[in-house]
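Colleague: In the working numbering, the protein residues as written are 19 to 108. The structure is given below, and queries will be raised subsequently.
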């Protein structure tokens, strides 16, 4: 994801919106402009990231379930780590 900030300062831009959009498209990124001062598109940016993470994790979980064939969401289950107690430490 490529996020451009300070959309209110368009006269001080180093990179045009068009150039940023082209770069994002070329690199396979989402592009969004924000104005943090007024909270414009800030929440949208975070929601976009969360949505992408969810899709990736869900897809990996489905693939893992197909490979195991047991119906369990193997990537979404945790692994227990047991730490030795003080009496067990040497």
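From the three backbone atoms N, C-alpha and C, an ideal C-beta is built for every residue, glycine too. None of the values given here were measured: they were computed from a predicted structure.
Which runs of the alpha helix (DSSP H) fall wholly inside the stretch 23-94 and span at least 4 residues, in chain order?
Modeller: 35-45 and 60-86
Colleague: Rounded to the nearest angstrom, how far is the Cβ of residue 42 from that of residue 20, given a contact under 8 Å?
Modeller: Along the chain shown, one-based indexing puts residue 42 at 24. Along the chain shown, one-based indexing puts residue 20 at 2. With a Cβ gap of about 4 Å, residue 42 and residue 20 count as contacting.
Colleague: Determine contact between the stretch 60-78 and the stretch 29-45, defined as no fewer than three beta-carbon pairs at a distance below 8 Å.
Modeller: no
Colleague: Does the separation of the CB atoms of residue 51 and residue 29 fall below 9 Å?
Modeller: Numbered from 1 along the chain shown, position 33 holds the residue referred to as residue 51. Numbered from 1 along the chain shown, position 11 holds the residue referred to as residue 29. No, these two residues do not count as a Cβ contact at 9 Å.
Colleague: Assuming contact is defined by CB atoms lying nearer than 9 Å, are residue 23 and residue 57 in contact in what I supplied?
Modeller: Taking the first residue of the chain shown as position 1, residue 23 is located at position 5. Taking the first residue of the chain shown as position 1, residue 57 is located at position 39. The answer is no: Cβ separation not under 9 Å.
Colleague: For residue 59 and residue 79, what's the separation of their Cα atoms in angstroms?
Modeller: Within the chain shown, residue 59 is the residue found at index 41, counting from 1. Within the chain shown, residue 79 is the residue found at index 61, counting from 1. In a straight line, the C-alpha of residue 59 is about 30 Å away from that of residue 79.
Colleague: Thinking C-beta only, is residue 38 closer than 9 Å to residue 49?
Modeller: On the chain shown, residue 49 is found 31 positions in, with the first residue counted as 1. On the chain shown, residue 38 is found 20 positions in, with the first residue counted as 1. Contact: yes.
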